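To start, the structure itself, in structure tokens.
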Amino acid sequence: MKLLNNIRLRNKMFLVYFLGVIAPIILTNVIFYNTITGNVKAQRIKDIDLAVEQIKNEFRLMVDQAVGLSSFFYADYKTNEVLDRNFTQTEDYVEAYDLYLRSTLNNYSPFSSSLQNKTIYVDNPTLLNSGNIGILSAEVRESVWYKEWMQEASSQPMFVRTQDAGGRFQSFSLLRRMDYFADRMVKEKLVKIDFKTIDLMEVFANLNVQGDVYLLGPEGRIEYTTNQAIDWQGKDRQLYASLKQEQLIDFEKEYGSISYLSGWRIVGTVNENEIIKEVLKSRYFILWSACLMMIVPTVIILIITRSINLRIIEILKHMKKVKTQQFQMIMHGESRDEIGQLTLEFNSMIMQIKALINDVYLTEIQKKSLELERRKAQLNALQSQINPHFLFNALETIRMRSLLKQENETAKIIQSMAMILRSSLTWNKEWVSVEEELGFILCFLDIQKYRFEDKLSYHIDVQPEAYACVVPKMVFLPFVENASIHGIEPLKKGGSIEIRISMEGDEVVFQVADNGIGMSSEQVDTLYGYLDMEGIIGERIGIQNVIYRVTMLYGRRAIFQVDSRPGEGTRIELRIPVHP
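Mapping to our numbering: the sequence shown position 475 is 642, numbers consecutive.
Here is the structure:
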């Protein structure tokens with residue numbers, strides 16, 4: 168075992184290849200050749216036997232079509248009754264033929280795909296010899312096929328070969344005596360159904376191998392064959408047993424207990440060389456596959472060995488550079504094998520060493536802390552900003568009035584102002600209830616009412632269940648301020664503000680409407696544009712900063728809508744979730 172440790176990895180791979188691949192391939196192919204040749208020969212014989220069996224079944228199906236049609240005529244009462252009737256006038260027969268026999272004989276075709284002709288012969292001279300109806304005359308009784316059939320004539324259908332007076336082949340036919348109603352009908356009736364010879368040829372041509380097919384009659388004579396060297400249509404038909412069958416394999420199929428095909432057989436003959444030809448193909452396949460199985464693994468072993476060696480050498484080269492403090496990463500594509508994982512771990516180690524050396528870890532922590540502090544300061548700045556111009560004007564107005572008049576409302580205004588200032592300067596409370604936010608709004612409206620007296624009127628409607636909902640501090644107040652200062656204050660006659668706070672499902676809905684000067688479409692678009700602005704803090708706690716706060720806290724769950732036209736006032740709706 169220690170000896171193997173001194174052998175290079177590439178040589179070990181080749182040693183494994185020769186002992187584990189080449190030797191087993193040679194041994195396996197020898198066994199495989201002996202097995203597969205026998206299997207191919209057996210399979211080829213089986214395939215040919217199945218092909219002959221298929222020909223047998225297709226031929227029987229063709230005959231069964233004629234048997235089915237004969238059974239219909241045999242058991243059809245109306246047909247037998249019309250054929251058995253004696254007609255005194257030709258017109259009566261023609262009328263009966265048109266009423267029933269014409270449609271029955273000419274249109275009844277579920278079984279007639281491979282049938283050439285069908286004729287019902289009747290011993291009834293009052294009928295006309297036409298329209299698939301024949302008179303069982305003396306001439307017919309003297310015909311060759313009728314005499315042969317009469318030797319075994321019965322109610323069961325019989326498949327026969329019919330021939331002319333000279334003994335030449337005419338057709339294959341199915342004959343059947345129509346005596347189902349013999350107790351009530353006395354006329355002799357016979358149905359004769361002729362097959363299409365071309366369909367028979369197509370059936371026997373489906374062997375799909377280089378061989379011949381024979382149709383043998385009950386006496387063993389060749390009634391039909393695909394072997395062109397045999398005259399099967401002549402009078403003196405050759406016995407199949409008299410053929411010389413050198414190097415031929417026979418596949419014989421009998422019809423057994425089928426009465427109308429009793430004694431008939433299908434025989435297929437195939438030259439033995441046809442089967443050996445397939446065995447030779449298997450031999451060449453085995454030889455080529457053996458060569459392929461030796462060449463392909465050799466190429467694969469070379470490619471894999473080269474890939475392993477090159478990457479291991481590359482890792483060793485970079486590890487030696489680490490000794491000299493050269494922290495270079497291995498620049499290769501990512502791979503998922505063990506060497507690829509080793510490369511990834513080496514690169515990861517190099518990155519960690521470099522990061523520790525350059526204090527990247529501490530720098531990243533400080534950067535994250537500063538970012539958190541910046542976000543917190545940004546939120547606090549948004550909450551703490553308030554319009555100083557409005558505060559100064561309000562305080563000055565209160566001061567002047569308190570000097571000129573002695574009024575109790577002055578104390579109330581100062582209290583309201585103090586409440587707003589305390590709220591805006593409180594940094595540790597970011598969330599308030601709707602009731603608290605409504606208190607800020609009332610303080611602001613009291614101050615505005617104090618400033619403009621009857622020029623401003625307002626109405627507030629709050630659903631009781633909305634009071635306890637928690638919202639960001641001063642999220643509604645800027646909208647009221649905007650309605651008062653920018654909507655009502657420019658009016659000469661004053662105006663009113665309608666405020667409604669309600670609950671709809673899991674949302675708090677704040678609505679403020681005024682009948683002030685309204686806004687243009689450009690101003691409305693500007694408000695909607697605030698929804699897509701990030702990281703922007705305005706100089707005041709106006710609508711821009713409120714929208715930014717709401718977007719930062721709720722994302723797309725907050726819904727902001729504006730409906731305003733110049734001279735028609737403004738309506739603003741803000742929907743925010745109950746739970747942040």
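Think of the CB as a built atom: it goes at the ideal place given N, C-alpha and C, for glycine as much as any other residue.
Here the structure is a predicted model, which means the values were calculated and not measured.
*What's the gap between the Cα of V675 and the Cα of Y625?*
21 Å
*For I666, which residues from the same chain have a beta carbon less than 6 Å from its beta carbon, with the 5 sequence-adjacent residues on both sides left out?*
I627, V679
_Taking the alpha helix (DSSP H) that Q728 belongs to, which residues open and close that run?_
Careful: Q728 lies outside any alpha helix (DSSP H), inside the beta strand (DSSP E) at 726-731.
*asked:* For K488 and K521, what's the separation of their Cα atoms in angstroms?
replied: 14 Å
_Can you give me the C-alpha to C-alpha distance between N440 and R478, rounded to a whole angstrom?_
57 Å
*Compute the Euclidean distance between the alpha carbons of F348 and Q337, then round it to the nearest angstrom.*
31 Å
*Where in the stretch 386-470 do unbroken runs of the beta strand (DSSP E), each at least 3 residues long, occur, reported from the N-terminal end onward?*
Those beta strand (DSSP E) runs which fall completely within the stretch 386-470 and span 3+ residues are 389-392, 415-421, 432-438.
*So, V126 versus V376, is the Cβ gap smaller than 7 Å?*
Shown here, the chain extends from 168 to 747; a query on residue 126 therefore has no answer.
*asked:* Using a 10 Å radius around the Cβ and a threshold of 16 neighbouring Cβ atoms, would you call S321 buried or exposed?
replied: exposed
_Chain-order list of residues whose beta-carbon lies under 7 Å from that of D504 (same chain, five-residue window excluded)_ = none
*Go to G378, then tell me how far its beta strand (DSSP E) extends in each direction, as first and last residue.*
It spans 378-383 - the beta strand (DSSP E) in which G378 sits, taken as one unbroken run.
_Does the beta-carbon of V489, which I'm using as the reference point, lie nearer than 6 Å to any heavy atom of the ligand ZN?_
The ligand ZN is not part of this structure, which contains no ligands at all.
*Just checking my contact of N342 with V327 at CB under 8 Å: how many whole Å lie between their CB atoms?*
Before going further, note that residue 342 is Leu rather than Asn in the sequence given. Rounded, the Cβ-Cβ distance is 6 Å, consistent with contact.
_For T195 and Y451, what's the separation of their Cα atoms in angstroms?_
16 Å
*Assuming G435 and G378 make a contact with CB atoms under 8 Å, what is their CB distance in whole Å?*
6 Å
*The beta strand (DSSP E) with Y625 in it runs from where to where?*
623-629
*Select from L410, D331, Q283 the residue whose C-alpha is nearest the C-alpha of K359.*
Nearest option by C-alpha distance: Q283.
_Per-residue burial, I365 [other beta carbons within 10 Å of its own, 16 or more giving buried]_ = exposed
*So L250 packs on K356, CB below 8 Å; how close in whole Å?*
6 Å
_Collapsed DSSP secondary structure at D361 in the structure displayed_ = strand
*Boundaries (first-last residue) of the beta strand (DSSP E) holding Y151*: Examination of residue 151 is not possible in this model, given that the chain is present from 168 through 747 alone.
*Where E248 and K363 are concerned, what is the direct C-alpha to C-alpha distance, given to the nearest angstrom?*
Taking the straight line joining both Cα atoms gives about 30 Å.
*Leaving out five residues before and five after G736 in sequence, what residues of the same chain have Cβ atoms less than 6 Å from its Cβ?*
Correct list, in chain order: D681, N682, G683, G685.
*Limits of the beta strand (DSSP E) - the one that S669 falls within*: 662-671
*What three-state label does DSSP hand D613 in the structure shown?*
helix
_Quick check on S321: does DSSP put it in helix, strand or coil?_
coil
*Buried versus exposed, by CB contacts within 10 Å (16 or more), L454*: exposed
*Which two residues bound the contiguous alpha helix (DSSP H) that contains L194?*
190-242
_Is the beta carbon of P324 closer than 7 Å to that of Y244?_
no
*Delimiting residues of the beta strand (DSSP E) encompassing L186*: L186 -> no beta strand (DSSP E), and no H or E assigned at all.
*How do the stretch 651-665 and the stretch 607-627 stand: do at least 3 beta-carbon pairs fall below 8 Å, yes or no?*
yes
*Between M229 and the rest of its own chain, which residues show a CB-CB distance below 8 Å, the 5 nearest in sequence each way excluded?*
S281, F362, D366, L367, V370
*Excluding five sequence neighbours on each side, which residues of the same chain lie with their C-beta closer than 7 Å to the C-beta of I497?*
E481, I482, H485, T510, F513, N514
*Strand pairing of E674, partner residues [DSSP]*: E671, P744
_Span of the alpha helix (DSSP H) around L509_ = 505-524
*Report, in whole angstroms, the separation of the C-beta atoms of G709 and P657, which I expect to be a contact under 8 Å.*
The C-beta separation of G709 from P657 comes to about 17 Å, leaving the pair out of contact by the 8 Å criterion.
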